[in-house]
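Before any comments, here is the structure.
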Amino acid sequence: MNKTIITAAITGAIHVPGMSPYLPITPAQIIEDAVKAAEAGAAVVHIHARNPNTGQPIADVEIFEEIAKGIKSRSNAVICTTTGGSMSMTVTERLKVVPRLQPELASCNAGSVNFVISGIAEKLQPKFDWEIPYVKSTDAQIFTNTYAGIQEYVETMEKYNTMPEFEVYDTAMINNLAYFKRKGVINQPIYIQYVLGIQGGLPATVSNLVDLRRTTVELLGTQDVVWSCAAAGKDQFKLAAATAAMGGNIRVGLEDNLYLKPKVLAKSSAEQVLQVRQILDALSMPIATPDEARKILNLKGLDKVSY
Ligand code: KMH
Ligand code: ZN
Numbered sequence: 483m484n485k486t487i488i489t490a491a492i493t494g495a496i497h498v499p500g501m502s503p504y505l506p507i508t509p510a511q512i513i514e515d516a517v518k519a520a521e522a523g524a525a526v527v528h529i530h531a532r533n534p535n536t537g538q539p540i541a542d543v544e545i546f547e548e549i550a551k552g553i554k555s556r557s558n559a560v561i562c563t564t565t566g567g568s569m570s571m572t573v574t575e576r577l578k579v580v581p582r583l584q585p586e587l588a589s590c591n592a593g594s595v596n597f598v599i600s601g602i603a604e605k606l607q608p609k610f611d612w613e614i615p616y617v618k619s620t621d622a623q624i625f626t627n628t629y630a631g632i633q634e635y636v637e638t639m640e641k642y643n644t645m646p647e648f649e650v651y652d653t654a655m656i657n658n659l660a661y662f663k664r665k666g667v668i669n670q671p672i673y674i675q676y677v678l679g680i681q682g683g684l685p686a687t688v689s690n691l692v693d694l695r696r697t698t699v700e701l702l703g704t705q706d707v708v709w710s711c712a713a714a715g716k717d718q719f720k721l722a723a724a725t726a727a728m729g730g731n732i733r734v735g736l737e738d739n740l741y742l743k744p745k746v747l748a749k750s751s752a753e754q755v756l757q758v759r760q761i762l763d764a765l766s767m768p769i770a771t772p773d774e775a776r777k778i779l780n781l782k783g784l785d786k787v788s789y
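In this text, residue positions in the sequence shown follow the working numbering: the first is 483, and each later residue adds one.
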């Protein structure tokens, strides 16, 4: 029977420290949240790096290495390092982590998108001065993933046998993947993470997920496309339930949603993993272990990373 891969996205670059005291900032906090999420049932942990003193999203490979080594020393969970970083980072900055850590899995954003989080400023009680300017700056930025950039990401990942997790925010990005597959740029089996609920992308609705699945089947066929869904914000668990019913894999975690229930902050990504497991248990759907996830995703193995 197919098993469901739960991914925990630990900290991301969307939420800022003033939004929740539980948002992991330092390497130690990110490591702890990732290990706890794995112990709760996450087979994959998706990690970003932050400045340990201010919580600002950063691309420092030293910080990524500290986080990856810390997780690996306590868990055999698959680590998916971001190459998305934050909206203001360059392609080069974002990509450095792949040659350095040679991870099994890394995100690869399948197109440019307005990644607007300025709405956060309305109710934010910032902990640091950078937070409000940061979220407001996204109104005038684009999260840039040009065809040249995507090709560089895919070719770099192929060189280090890192599996790309293609982040897809809207239907057009599936057409991008089909293009790169036709061009022979993408040669590995395609793994898609549909990311819904981002202002600038598609809203987190079941109908949008169904449309994305239909377009994926039309353009890419289903024989080798494994997929997962991450819904940012309040509809995270509704889309998790829909994804489970549709046979997809599920991403939760504080990168995408800081809450467990309306008005109840999640104390950790692990709490959200446990809540998703209740949905899967109710559907008698078993979850994948990290090694089962490696098989499903054709990953190279934890012994082939360089951290
Ligand atoms: N934080 C977003 C700008 C990824 O990890 O690649 C990009 C993101 C997706 O989080
Ligand atoms: Zn991310």
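All C-beta atoms, glycine included, are put in the ideal place defined by N, C-alpha and C.
Nearest neighbour of Q623, chosen from L721, M571 and P585 [CA to CA]: M571
DSSP state of L465 mapped onto helix, strand, coil: This structure cannot settle anything about residue 465, because the visible part of the chain is limited to 483 through 789.
Start-end ranges of the beta strand (DSSP E) lying completely within the segment 695-738, minimum 3 residues: The qualifying runs are 708-713 and 731-734.
Residue list, Cβ distance to ligand 2 heavy atoms smaller than 7 angstroms: Residues with a Cβ closer than 7 angstroms to any heavy atom of ligand 2, in chain order: A491, G494, A495, H528, H530, T564, G566, S589 and E737.
Exposure label - G675; buried when at least 16 CB within 10 Å: According to the sequence provided, residue 675 is Gln. The question's Gly does not apply to it. When all chains shown are included, Q675 counts as buried.
Backbone secondary structure at Q757 - three-state DSSP: helix
Nearest-angstrom Cβ-Cβ length linking T725 and T653, presumed shorter than 8 angstroms: With 8 angstroms as the limit, T725 and T653 do not qualify as a contact, their Cβ atoms being about 17 angstroms apart.
P768 burial status per 10 Å Cβ neighbour count (16 or more: buried): exposed
Element boundaries [alpha helix (DSSP H), containing V636]: Unbroken alpha helix (DSSP H) run through V636: Y629 to K641.
Contiguous beta strand (DSSP E) assignments of at least 3 residues, all confined to the segment 483-536: 488-491 and 526-529
Distance, S689 Cα to I496 Cα: Taking the Cα positions, I496 is about 25 angstroms away from S689.
Coarse secondary structure for N591, derived from DSSP in three states: strand
Cβ shell of D542 (< 7 angstroms), same chain only, five flanking positions each side left out: Excluding positions up to five away in sequence, the list reads A531.
Cβ pair count under 8 angstroms reaching 3, the segment 577-589 against the segment 634-653: yes
Identity of the residue in Q757, G566, K609 and A522 nearest S502 by Cα: Ranking Q757, G566, K609 and A522 by Cα distance to S502 puts K609 first.
Any non-hydrogen atom of ligand 3 closer than 6 angstroms to N591 Cβ: Absent from the structure shown: ligand 3. Ligands present: ligand 1 and ligand 2.
Short Cβ contact (7 angstroms threshold) for N731 with S751: Using a Cβ distance threshold of 7 angstroms, N731 and S751 do not count as a contacting pair.
Length at least 3, wholly inside the segment 533-560: the beta strand (DSSP E) runs in chain order: none
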